[in-house]
Amino acid sequence: MLSEPTLLAQLIQSYARTAKLHKAKQLHARLILSGAGAGTSSTFISNHLLNMYAKCGDLHHALSLFDVMPQRNLVTWTAMISGFSQNLHFHRALQTFTSMCSSGLKPTQFAFSSAIQASVSFGSLVFGKQLHSLSFKSGYSLELFVGSNLADMYSKLGSLADACKVFDEMPLKDEVSWNAMIDGYSKNGDFEQALAAFRSMFRENIVIDQHVLCSALSACGGLKSSEFGRSLQSLVVKFGFQKEIFICNALTDMYSKSGDMDSASRVAELDSGTWNVVSCSSLIDGYVELEQIEKALSVYVESRRLGVEPNEFTFSSMVKACAGQAALEQGTQLHSQVIKTNFIEDSFVASALVDMYGKCGLLNSSILIFQDISKPTEIAWNSILGVFAQHGRGKEAMEIFNQMVSQGISPNHVTFVSLLMACSHSGLVEEGLEYFNSMHGKYGMEPKEEHYSCVIDMLGRAGRLKEAENFIGKMPFEPNAYGWCSLLGACRTHGDKALGELAAEKLIKLEPKNSGIHVLLSNIYGKLGQWEDVKAVRKLMRDNRVKKLPGFSWVDVNNKTHVFGSEDWSHPQMKDINEKLEELSVLIKEAGYVPFTGSLSCNVEERLKERLLNYHSERIAVAFALISMPKAKPIIVKKNLRVCVDCHTAIKLISKVVDREVIVRDNARFHHFSDGLCSCGDFW
1296 MLSEPTLLAQ LIQSYARTAK LHKAKQLHAR LILSGAGAGT SSTFISNHLL NMYAKCGDLH
1356 HALSLFDVMP QRNLVTWTAM ISGFSQNLHF HRALQTFTSM CSSGLKPTQF AFSSAIQASV
1416 SFGSLVFGKQ LHSLSFKSGY SLELFVGSNL ADMYSKLGSL ADACKVFDEM PLKDEVSWNA
1476 MIDGYSKNGD FEQALAAFRS MFRENIVIDQ HVLCSALSAC GGLKSSEFGR SLQSLVVKFG
1536 FQKEIFICNA LTDMYSKSGD MDSASRVAEL DSGTWNVVSC SSLIDGYVEL EQIEKALSVY
1596 VESRRLGVEP NEFTFSSMVK ACAGQAALEQ GTQLHSQVIK TNFIEDSFVA SALVDMYGKC
1656 GLLNSSILIF QDISKPTEIA WNSILGVFAQ HGRGKEAMEI FNQMVSQGIS PNHVTFVSLL
1716 MACSHSGLVE EGLEYFNSMH GKYGMEPKEE HYSCVIDMLG RAGRLKEAEN FIGKMPFEPN
1776 AYGWCSLLGA CRTHGDKALG ELAAEKLIKL EPKNSGIHVL LSNIYGKLGQ WEDVKAVRKL
1836 MRDNRVKKLP GFSWVDVNNK THVFGSEDWS HPQMKDINEK LEELSVLIKE AGYVPFTGSL
1896 SCNVEERLKE RLLNYHSERI AVAFALISMP KAKPIIVKKN LRVCVDCHTA IKLISKVVDR
1956 EVIVRDNARF HHFSDGLCSC GDFW
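Under this note's numbering, the first residue of the sequence shown carries the number 1296, and numbering increases by one thereafter.
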């Protein structure tokens, strides 16, 4: 026969398992009224009640009971520590653990495990190391449960070397400890080691569960290795996990990150039950990375039709897609949905919106959204810095950087790329060089290729070509394609033939099919009147079958994108566009426009050059926007190549004679034309 305390304990345990808090409270009340709370059994029953309250999430009653208990033992303290930890009160869990130790009680392995888990969630590596030291002194550090939690703690808090040491010293390892290591490697970006650990685990015949497979699939996604991921999918089927939703999510994410969208779609569609916000977000993100925006939109629309509510990751991916395509209409619609679903409070989503509006040309909207973020994260600061860089606002970028540092946010490599680009496009050379030198001297990070390339670009744009050449000579490695291309572009602008030829030679080795190299070199020769050299470059292009990238400009009107090429007569409204172009030509000439034919590297008469300039794609797009869009709407033209000097001058004057702001995004930055001026200050 079971004793009464044992029966009571079993009843309380059943209430805890089934979350019948109300019934448990009634039982507790009867026990108090009957006076059954005395003696040794009182602590025994109270421990079960305390554990029940903690598991049901009622920490108020758990703590009240804990405070009035006349006697507390190890079980009491452990239950309280576990209760705080399980209910996300990590600081209280650690405080309670400390109080238990101060009372003279030696913690159990369960108390250690709960405290270690709390230190992970609290993000305290210092406290975690103290727990490790104490568990070692208590003889529990090599115990399976404690050791697994220590390895997990170190890996999640970024101390992978310590995690490996704990793991290697454990005499026994189970699937939990192996998963801690595989997951730790994966989350710290060491995907090769994660898969190596999985192979070792498999060879040692350790039980493979869903959690281990998810961690291994995550590593495959990080490596973009769908081949190994496919073999993991075979194990998923072998062990009968293919219907588990989080396994399907992991497979969808792995294939999406690997760029195998056909396999990702098949996994997500195996069963309608697997269509959930995680799998849909993975599919959307995969299509966005491959720039298959229409398919990303299709998944989003279908998921909403099926009643799948988007989360912050869904919105971030969709907004990112709109940013990549500069699709302002769709972006503003998503912004409305973000506000309706209250995800505007999410810093990650808000950061994506900052970036999207910036890439769509609406700088002020980006600034307003950033200002509404209550606690900007590193991503948010980098987003607004990137926007200022795209719009050539160097001084504003410097101000934001200073605010970021003063808020205690440490800059990273992305921060300095944006900062250096902003300085480059604003002519702030000395400031930019100072920031570059501070990367190592002040912030302890080594500049990467992209930072060196930004400095080359910065010196080149400012016409300091000799300094750029000397800087390249002192670099620890050869410049990348962007660096040489920046130098070549600067040589075109400033007419340095010898250095331009060197840059072109280096660039052709890196990107032999890049037509821009030949075009820039041809422009240098054309600017110097060396037409035979121009012919030689064009012959080289023909011989190597290198085709010049045609220039296109596009503008969105009434949710439709209208694309124009130079001297493009295919648009159905071309007659009206042509009339507008002629009208604008007269008006800007009256305002002082003089065609700059030097921007054309072709040996034809001046009159023909002027005609060619008048029908450049960006000018056609501006004319179309003027006849198609109401004055209240901003004119935003996108161009796949650098805007030419003559068009830059012409659009400045167009903005003045028609009293409209015109925003042009070329392949390097934004130009805001208004009242005869450009935001770049004619420095770009």
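Glycine included, C-beta positions come from ideal geometry on N, C-alpha and C.
Per DSSP, what are the beta-bridge partners of residue i in this structure?
i, result
"ARG1960", "LYS1933 and PHE1965"
"GLY1974", "Note that residue 1974 is Ser in the sequence shown, not Gly. Its beta-bridge partners do not exist; DSSP assigns none."
"THR1856", "ASP1851"
Under a three-way DSSP split, which group does residue i fall into?
i, result
"VAL1938", "coil"
"ASP1954", "coil"
"GLU1607", "helix"
"HIS1384", "coil"
"TYR1747", "helix"
"ASP1494", "The question names Asp, but residue 1494 is Arg in the sequence shown. Note: ARG1494 maps to helix in three-state DSSP."
"ASP1353", "coil"
"TYR1910", "coil"
"LEU1823", "coil"
"TYR1435", "coil"
"TYR1480", "helix"
"ASN1873", "helix"
"GLY1984", "This structure leaves residue 1984 out entirely; the chain is present only between 1296 and 1979."
"VAL1881", "helix"
"GLU1589", "helix"
"LYS1804", "helix"
"CYS1509", "helix"
"THR1313", "helix"
"ASN1368", "coil"
"ASP1469", "coil"
"ASN1809", "coil"
"PRO1742", "coil"
"GLY1332", "At GLY1332, the pLDDT of 49 sits below 50, so the modelled position is not reliable; the number obtained from the coordinates is stated separately. The answer is coil: DSSP assigns GLY1332 none of H, G, I, E or B."
"TRP1864", "coil"
"GLU1905", "helix"
"CYS1655", "coil"
"ALA1916", "helix"
"ASN1839", "coil"
"GLU1464", "helix"
"GLU1564", "helix"
"THR1944", "helix"
Could you pull out every residue in the same chain whose Cβ sits closer than 6 Å to the Cβ of residue i, ignoring the five residues on either side in sequence?
i, result
"ALA1621", "LYS1654, CYS1655 and LYS1933"
"PRO1742", "MET1734"
"LEU1844", "SER1810"
"MET1740", "MET1734"
I think residue i touches residue j, with their Cβ atoms under 8 Å apart; what is that distance to the nearest whole Å?
i, j, result
"GLU1862", "TYR1910", "5 Å"
"VAL1441", "SER1430", "5 Å"
"VAL1858", "TRP1849", "4 Å"
"GLU1295", "CYS1942", "Within the shown structure, residues of the chain are numbered from 1296 to 1979, placing residue 1295 beyond reach of any answer."
"LEU1754", "VAL1712", "About 16 Å; that fails the 8 Å criterion."
"ALA1514", "PHE1486", "4 Å"
"LEU1783", "ILE1751", "LEU1783 to ILE1751, Cβ: 10 Å. No contact."
Please return the same chain residues whose Cβ sits closer than 7 Å to the Cβ of residue i, not counting the five positions on each side in sequence.
i, result
"ASN1775", "GLU1744 and SER1748"
"SER1414", "LEU1389, PHE1422, GLY1423, LEU1426 and MET1448"
"HIS1789", "GLY1758 and LEU1760"
"MET1924", "VAL1852 and ILE1930"
"GLU1586", "GLY1619"
"ILE1664", "ALA1645, LEU1648, VAL1649 and TYR1652"
"GLY1516", "ASP1548, MET1549, LYS1552 and SER1553"
"GLN1412", "SER1380 and ASN1444"
"SER1560", "LEU1578"
"LEU1512", "GLY1524, LEU1527, ALA1545, LEU1546 and MET1549"
Starting from the C-beta of residue i, find all residues in its chain whose C-beta is less than 8 Å away, skip the five residues before and the five after it, and write them out in chain order.
i, result
"SER1341", "GLY1332, LEU1360, MET1364 and THR1371"
"TYR1738", "SER1705 and PRO1706"
"GLU1773", "LYS1801"
"MET1770", "TYR1747"
Relative to the ligand NAP, is the shortest distance from any of its heavy atoms to the C-beta of residue i smaller than 7 Å?
i, result
"SER1611", "Inclusion of the ligand NAP in the displayed structure is not the case, the ligand content being empty and no account of it being possible."
Would you call the stretch 1384-1392 and the stretch 1365-1376 in contact, with 3 or more CB pairs under 8 Å? yes
With three or more C-beta pairs closer than 8 Å as the rule, is the stretch 1655-1669 touching the stretch 1613-1628? yes
Can you find at least 3 beta carbon pairs, one from the stretch 1449-1457 and one from the stretch 1471-1479, that sit closer than 8 Å? yes
Touching or not, the stretch 1590-1601 and the stretch 1822-1842, by the rule of three or more beta carbon pairs under 8 Å? no
Within 8 Å, do at least three Cβ pairs link the stretch 1664-1677 to the stretch 1940-1957? no
Please confirm if the stretch 1871-1890 is in contact with the stretch 1828-1848, defined as three or more CB-CB distances below 8 Å between the two stretches. no
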